[in-house]
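Numbering (our numbering), first residue to last: 743 to 1087.
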Amino acid sequence: MAQSTSRPPTLGAVARIAGVSISTVSKVLNGRPDVAPDTRVRVAALLGRAGYPIADGQAVRRRETGGLVEVVANRLDGPTTSRLLRAVCLEACARGFGVVVTDVEPDGGPSGRRPPRRWLEAMSARSAGAVISLLLEFSDAQLAYFDAHAIAACAVGAGRPQARECAVLVDERTRGHTAVRHLLDLGHTRIAVVAGPANVPGQQRLVDGCIDALQAAEVRTDDEYVLRIGRTAEDYSRAALGLLSLRTPPTAIAFADHCAALGACAAFASKGLRIPGDISVICCDGLQYERANATDPPLTRLVQPLDEMARAAMDLMSAHRAAAVLDVPARLVVRGSTAAPGRAA
């Protein structure tokens, strides 16, 4: 007696159940682009229950684009960008992707750090299946284009957490908290914070993290110890010397970035002040490795883990996540610029 066999539903039946066209079901089955993320998930679940093997969309994109990832950045010769670029290229190549790199002049956006519109036109002609920006944020129009064409995209070291995009960041608030916590552990209670303007991405979150650490330690926060200034070396030098001319000067200063810390160190040296004997200095932005080590003494700083950021970016793209923000913790590197207070409180 012949046994009856159960046949899987046709693609047409799956399409009717999902409320989509047969073409859409076929695209999901074969890992093709141009399907909304929520629709893809719903149709894929139905196909899976019906026993259909679903193609790996990322593998399909690798075959169709030659496994091409476009990396876009500004000033490839910059110490930050060059190190981050190397980490991303090594990670992409290890996963079987080829890499094309584009150096652009950014434009637009509140931060002025977005790839220009003409870059998108050139990128589309190269048919890259994935895009990574280094220290640049994508515009809404660029994100919409990536979504419409199923291009995996991730911003590394920049981005807007409120936007629907993938980004890998180092959490500024945690950086500020860690820096000030280190100074508190050394015995400092008069701690100043010098940061850039509030409209510079991340600066307010970094200041908030510094204040969080002070408040958690029940250390009084004086308004005159928290400075928001311009971004030139002269601005930082004046601010640093101004802090030490206060009636009750700080014994330690946390600087938002390397430019501020280096400018202050030069100003202190010109006045015969000793680091850390007269003032301890910590840098919350440890991307400029060589320059941080070139100071005398070398700067204590928070180091951004570039290799981890590169791996996280490739993980997000491989998963083809439409929107996700990963915060990678910075690492404290203690050098000679911080020590216990060297003068009476």
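Positions of the beta carbon are idealized from the N, C-alpha and C atoms, including for glycine. Just so it is clear, the structure is predicted and the values come from calculations on it, not from any experiment.
- Runs of the beta strand (DSSP E) spanning 3 or more residues and lying entirely within the region 879–944 occur at 894–898, 908–911 and 933–937, in chain order.
- About 16 Å separates the beta carbon of A1003 from that of Y967, a gap too long to meet the 8 Å contact definition.
- Exposed is the label assigned to C835, since fewer than 16 other Cβ atoms lie within 10 Å of its Cβ.
- Residue pairing by DSSP places G840 opposite L810 in a beta bridge.
- The residues I764, in chain order, have a CB closer than 7 Å to that of G754 in the same chain once the five nearest residues on each side in sequence are set aside.
- Per the C-alpha coordinates, the member of D1038, T990 and C1026 positioned closest to A1009 is D1038.
- Contact check for R947 against R915 passes: the beta carbons are separated by less than 9 Å.
- For R970, the closest of V942, E879, R917 and G929 by C-alpha to C-alpha distance is V942.
- The bridge partners DSSP lists for I874 are V813 and C896.
- Of all C-beta pairs linking the region 861–875 to the region 810–830, three or more are shorter than 8 Å, placing the two stretches in contact.
- The Cβ atoms of L818 and A1052 do not sit closer than 9 Å to each other.
- Of the candidates C1001, D999 and A982, A982 places its Cα closest to the Cα of P992.
- Around the C-beta of V783, fewer than 16 other C-beta atoms lie within 10 Å, and the residue is accordingly described as exposed.
- Per DSSP, reduced to three states, the secondary structure at I1017 is coil, with no helix or strand assignment.
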